[in-house]
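Colleague: In the UniProt record's numbering, the protein residues as written are 1 to 681.
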């Protein structure tokens with residue numbers, strides 16, 4: 001048996017004025033909260049060999065190198081050599097609705113307005129805290145694995161690229177997406193349920209790029225449903241059962257199952273260029289199964305949750321055996337790959353192709369940086385001049401047939417624009433091999449990688465391994481397509497930054513890790529060149545946090561627009577308050593709850609909390625006004641089955657008050673709506 005620990009901690013960060021990370025749309029900045037973001041940590045220990053493996057899935061767009069280096073630094077100072085580069089996997093769910101700004105490479109500063117300390121800090125501290133909680137709650141337990149097929153939840157968003165793969169290879173698969181979900185179930189030795197990890201390949205982009213509410217998208221909603229079911233009677237974010245829905249090889253996989261349509265004419269734009277007769281590619285958007293993006297998130301999240309619950313309840317194959325982990329840093333801009341005995345090819349310095357700027361049917365490109373959005377600022381002018389720099393002939397030749405838009409590997413001011421040093425990592429728990437990949441592998445790339453790793457284990461005498469890909473781990477390097485898909489140069493291929501042989505290089509590297517684990521020679525693997533940690537100042541275009549102000553004759557928390565007196569289920573209770581910038585709260589407290597819905601209990605003459613700001617049916621909107629003034633609107637979308645009775649909505653905030661030129665304080669305040677009644681239908 002193993003020792004097992006699970007933990008969950010908030011990693012939401014600032015929910016206002018920070019660009020959301022994912023669609024690269026500078027206009028998509030946070031303006032409130034739909035659901036909180038969490039880091040979920042799982043620790044497995046083999047007590048015989050006293051080896052450990054840590055798997056973390058965080059509700060963020062991707063794990064950046066900056067986040068990983070800072071997390072490992074903190075773990076080292078707390079736990080010495082217990083948690084290390086090789087045995088800690090950090091994976092992002094890939095929600096596109098979380099705050100950005102936690103990157104040290106310059107490219108990511110453009111759309112997330114620089115390096116944003118509060119955002120970085122919230123993620124790093126949240127991840128570390130979730131590991132702390134798991135570490136403090138280790139108990140003897142057992143692991144079970146199960147797998148099954150999820151229907152009606154994904155489409156391939158680059159089907160024409162997929163068709164470039166050899167027909168003989170495609171004929172081995174029934175679909176152009178991976179429909180398989182793998183789950184790991186954790187129970188303690190008394191059968192008490194501890195947690196679950198699910199791996200399934202789909203983009204969490206049910207919420208589109210018009211959304212301004214921070215949330216964890218379809219994967220987060222699946223976690224929410226599972227945890228709400230297992231932690232009965234608890235508010236979201238509370239309770240000991242932890243359910244992570246982690247990312248996998250989701251590169252070309254969309255949850256928007258109705259497919260691409262022209263938003264102006266309504267006709268299909270499922271063509272190789274994803275373009276519309278009127279308005280071109282910017283008009284081509286994929287639609288989810290729901291009536292709007294909230295509904296689509298709910299439907300896809302629910303599908304995933306239902307399958308995971310079924311697999312969890314039926315899981316009977318026990319995972320047993322030793323733990324192992326292997327990790328290397330690799331200079332991905334200079335890897336030689338032996339394709340066969342006579343043919344060696346190389347990876348390239350990073351570069352992005354033209355289609356990168358076009359975006360995808362899930363979110364069209366908005367990379368209008370060169371059109372003077374920040375002209376007149378010498379720092380950002382310097383950045384733009386580099387963007388327009390000419391790639392070297394060597395880089396052009398290496399990336400063929402990719403037409404290069406940004407030669408990021410040749411841009412170094414004020415810091416390199418893209419990573420050269422990349423993590424490759426595998427951890428094994430008995431028969432389960434978790435392959436931690438630094439980006440978004442497409443469906444076929446993932447299949448090739450899993451197969452190669454499995455074959456390597458087989459060849460060295462470790463048969464029947466269950467190989468799963470954990471996506472968006474450790475450092476972000478965009479997409480990894482197959483060599484054949486690369487030739488078509490759609491978005492995913494244009495974003496395969498190390499050139500046409502990127503996948504072959506990774507397959508060679510991960511085979512090396514698998515071989516080392518299978519032959520017990522991990523200690524002989526070269527560590528590789530350590531990644532840099534740049535000394536990044538506060539380079540950000542996010543406005544400074546000004547003092548909050550109120551309209552004449554009003555106080556913070558005063559109601560501006562009252563609730564109605566009566567509602568029924570399926571209606572929306574809504575109240576607007578005199579508000580303050582939510583960033584004043586985020587910088588003040590790590591886990592600030594902005595709202596509660598409370599129900600009145602007559603017998604005890606008291607109110608008790610039935611919803612918080614992490615609840616799926618509450619929405620917190622912040623609207624910025626002039627001269628430091630702002631409003632907060634809270635909505636409660638009253639679900640069917642809500643108990644009739646008397647309710648109220650409370651708003652909890654902080655306002656920033658200047659004491660002097662250099663000193664200011666955050667002062668807590670609250671506001672409460674009038675009581676309202678929910679009547680039976």
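For each residue, glycine too, the CB sits at the ideal point set by N, CA and C. Here the structure is a predicted model, which is why all the values come from computation and not from measurement.
(1) Counting C-beta neighbours from all protein chains within 10 Å, is the total for residue 466 16 or more, i.e. buried, or is it exposed?
(2) What three-state label does DSSP hand residue 363 in the structure shown?
(3) Please report the distance separating the alpha-carbon of residue 203 from that of residue 451.
(4) What is the C-beta distance between residue 184 and residue 145, in whole angstroms, given that I count them as a contact (C-beta under 8 Å)?
(5) Just the C-alpha distance for residue 69 and residue 54, rounded to the nearest angstrom, thanks.
(6) How big is the Cα-Cα spacing for residue 165 and residue 201?
(7) In this structure, does DSSP put residue 382 in helix, strand or coil?
(8) How long is the line joining the alpha carbons of residue 170 and residue 261, rounded to whole angstroms?
(9) Kindly indicate the opening and closing residues of the alpha helix (DSSP H) around residue 118.
(10) Could you give the residue range of the alpha helix (DSSP H) that holds residue 502?
(11) Mapping DSSP to helix, strand and coil, what is residue 225?
(12) Work out the CA separation of residue 347 and residue 415 for me, nearest whole Å.
(13) Quick test of your reading: residue 123 and residue 102, contact by CB under 8 Å. State the CB separation rounded to the nearest angstrom.
(14) Name the DSSP bridge partner or partners of residue 404?
(15) Within a Cβ cutoff of 7 Å, which residues of the same chain sit near residue 176, ignoring the five residues on either side of it in sequence?
(16) Please name the residue, chosen from 220, 307, 258 and 455, that lies closest to residue 242 on a Cα-to-Cα basis.
(17) Below 8 Å on the Cβ atoms is my guess for residue 286 versus residue 259; work out the distance and round it to an integer in Å.
(18) Give the secondary structure of residue 475 by DSSP, where H, G and I count as helix, E and B as strand, and everything else as coil.
(19) How would you label residue 227, buried or exposed, when you count the other beta carbons within 10 angstroms and need 16 or more for buried?
(20) Using only the alpha-carbon positions, how far apart do residue 374 and residue 621 sit?
(21) So what's residue 245 in DSSP terms, helix, strand or just coil?
(22) Give a yes or no on whether the C-beta atoms belonging to residue 116 and residue 540 are separated by under 8 Å.
(23) Can you tell which of 133, 334, 363 and 214 has its C-alpha closest to the C-alpha of residue 256?
(24) Is it the case that the Cβ atoms of residue 248 and residue 67 are separated by a distance below 8 Å?
(25) Can you give the Cα-Cα distance for residue 274 and residue 358, rounded to whole angstroms?
(26) Counting along the chain, where does the beta strand (DSSP E) carrying residue 55 start and finish?
(27) Contact check, residue 476 vs residue 438 under 8 Å by CB: the rounded distance?
(28) Quick check on residue 13: does DSSP put it in helix, strand or coil?
(29) Touch check for the stretch 41-52 and the stretch 11-20: three-plus C-beta pairs under 8 Å?
(30) Less than 8 Å between the beta carbons of residue 597 and residue 636, yes or no?
(31) When you compare only the Cα positions, how much space is there between residue 370 and residue 24?
(32) Please specify which runs of the alpha helix (DSSP H), each continuous and at least 4 residues long, are wholly inside the stretch 135-196, giving them in chain order.
(33) Which residue marks the beginning of the alpha helix (DSSP H) containing residue 284, and which one marks its end?
(34) Report the residue ranges of all alpha helix (DSSP H) runs contained in full by the stretch 86-111; include only those spanning at least 4 residues, in chain order.
(35) From this set, 194, 298 and 284, which residue's C-alpha is nearest residue 222's C-alpha?
(36) Alpha carbon to alpha carbon, what distance is there between residue 630 and residue 18?
Modeller: The answer reads as follows:
(1) Here residue 466 refers to the residue found at position 466 when the chain shown is read from its first residue. Residue 466 should be labelled buried.
(2) Numbered from 1 along the chain shown, position 363 holds the residue referred to as residue 363. Strand, per DSSP.
(3) Numbered from its first residue, the chain shown carries residue 203 at position 203. Numbered from its first residue, the chain shown carries residue 451 at position 451. Between residue 203 and residue 451, the C-alpha separation is close to 22 Å.
(4) Numbered from 1 along the chain shown, position 184 holds the residue referred to as residue 184. Numbered from 1 along the chain shown, position 145 holds the residue referred to as residue 145. With a Cβ gap of about 6 Å, residue 184 and residue 145 count as contacting.
(5) Along the chain shown, read from residue 1 onward, the residue named residue 69 stands at position 69. Along the chain shown, read from residue 1 onward, the residue named residue 54 stands at position 54. Computed Cα separation, rounded: 15 Å.
(6) Here the question's residue 165 lines up with position 165 in the chain shown. Here the question's residue 201 lines up with position 201 in the chain shown. If I take the Cα positions, the gap works out to 19 Å.
(7) Taking the chain shown and counting its residues from 1, one reaches residue 382 at position 382. Residue 382 falls in the helix class under three-state DSSP.
(8) Position 170 of the chain shown, counted from the start, is the residue given in the question as residue 170. Position 261 of the chain shown, counted from the start, is the residue given in the question as residue 261. Those two C-alpha atoms are separated by around 26 Å.
(9) Translated into the one-based positions of the chain shown, residue 118 becomes position 118. Unbroken alpha helix (DSSP H) run through residue 118: 117-136.
(10) As a working note, residue 502 is residue 502 in the chain shown. Unbroken alpha helix (DSSP H) run through residue 502: 502-518.
(11) Numbered from 1 along the chain shown, position 225 holds the residue referred to as residue 225. It is helical.
(12) Here residue 415 corresponds to residue number 415 of the chain shown, with the count starting at 1. Here residue 347 corresponds to residue number 347 of the chain shown, with the count starting at 1. Cα to Cα, the separation comes out at about 22 Å.
(13) Counting from one through the chain shown, the residue named residue 123 turns up at place 123. Counting from one through the chain shown, the residue named residue 102 turns up at place 102. Between residue 102 and residue 123 the Cβ distance is about 6 Å, and since that is below 8 Å, they are a contact.
(14) Reading the chain shown from its first residue, position 404 is the one you call residue 404. 353, per the DSSP bridge assignment.
(15) Locating residue 176 in the chain shown gives position 176, counting from the first residue. Result list for residue 176: 156, 159, 162 and 443, in chain order.
(16) For the purposes of this step, residue 242 is identified with residue 242 of the chain shown, where counting begins at 1. Ranking the options by Cα distance to residue 242, first place goes to 220.
(17) Looking up residue 286 in the chain shown gives position 286. Looking up residue 259 in the chain shown gives position 259. Between residue 259 and residue 286 the Cβ distance is about 6 Å, and since that is below 8 Å, they are a contact.
(18) Position 475 of the chain shown holds residue 475. DSSP places residue 475 in coil when its eight states are reduced to three.
(19) The sequence position of residue 227 within the chain shown is 227, counting from 1. By the 10 Å Cβ count, residue 227 comes out buried.
(20) The count along the chain shown starts at 1 and reaches residue 374 at position 374. The count along the chain shown starts at 1 and reaches residue 621 at position 621. Interpretation of residue 374 is limited by its pLDDT of 37, a score under 50 that renders its predicted location unreliable; the figure taken from the coordinates is listed afterwards. Their Cα atoms are separated by approximately 27 Å.
(21) Position 245 of the chain shown holds residue 245. Three-state DSSP puts residue 245 in a strand.
(22) Within the chain shown, numbered from 1, the residue matching residue 116 stands at position 116. Within the chain shown, numbered from 1, the residue matching residue 540 stands at position 540. Closer than 8 Å, so yes.
(23) If you number the chain shown from 1, residue 256 lands on position 256. With distances taken between Cα atoms, residue 256 lies closest to 363.
(24) Position 248 of the chain shown, counted from the first residue, corresponds to residue 248. Position 67 of the chain shown, counted from the first residue, corresponds to residue 67. No. Outside cutoff.
(25) In the chain shown, the residue the question calls residue 274 occupies position 274. In the chain shown, the residue the question calls residue 358 occupies position 358. The straight-line gap from Cα to Cα measures roughly 10 Å.
(26) The sequence position of residue 55 within the chain shown is 55, counting from 1. Run containing residue 55: 51-58, per the beta strand (DSSP E) assignment.
(27) Taking the chain shown and counting its residues from 1, one reaches residue 476 at position 476. Taking the chain shown and counting its residues from 1, one reaches residue 438 at position 438. 7 Å between Cβ atoms; contact.
(28) As a position in the chain shown, residue 13 is number 13, starting the count at 1. Three-state result, residue 13: coil.
(29) no
(30) The sequence position of residue 597 within the chain shown is 597, counting from 1. The sequence position of residue 636 within the chain shown is 636, counting from 1. Yes, the Cβ-Cβ distance between residue 597 and residue 636 is below 8 Å.
(31) Counting from one through the chain shown, the residue named residue 370 turns up at place 370. Counting from one through the chain shown, the residue named residue 24 turns up at place 24. Reliability of the predicted coordinates at residue 370 is poor, the pLDDT of 34 falling under 50, and the value obtained from them is presented with this limitation in mind. Computed Cα separation, rounded: 14 Å.
(32) 159-162 and 167-170
(33) By 1-based counting over the chain shown, the position of residue 284 is 284. No alpha helix (DSSP H) holds residue 284; the beta strand (DSSP E) holding it covers 284-287.
(34) none
(35) Numbered from 1 along the chain shown, position 222 holds the residue referred to as residue 222. Among 194, 298 and 284, the Cα nearest to that of residue 222 is on 298.
(36) Reading the chain shown from its first residue, position 18 is the one you call residue 18. Reading the chain shown from its first residue, position 630 is the one you call residue 630. Spanning the two alpha carbons is a distance of roughly 16 Å.
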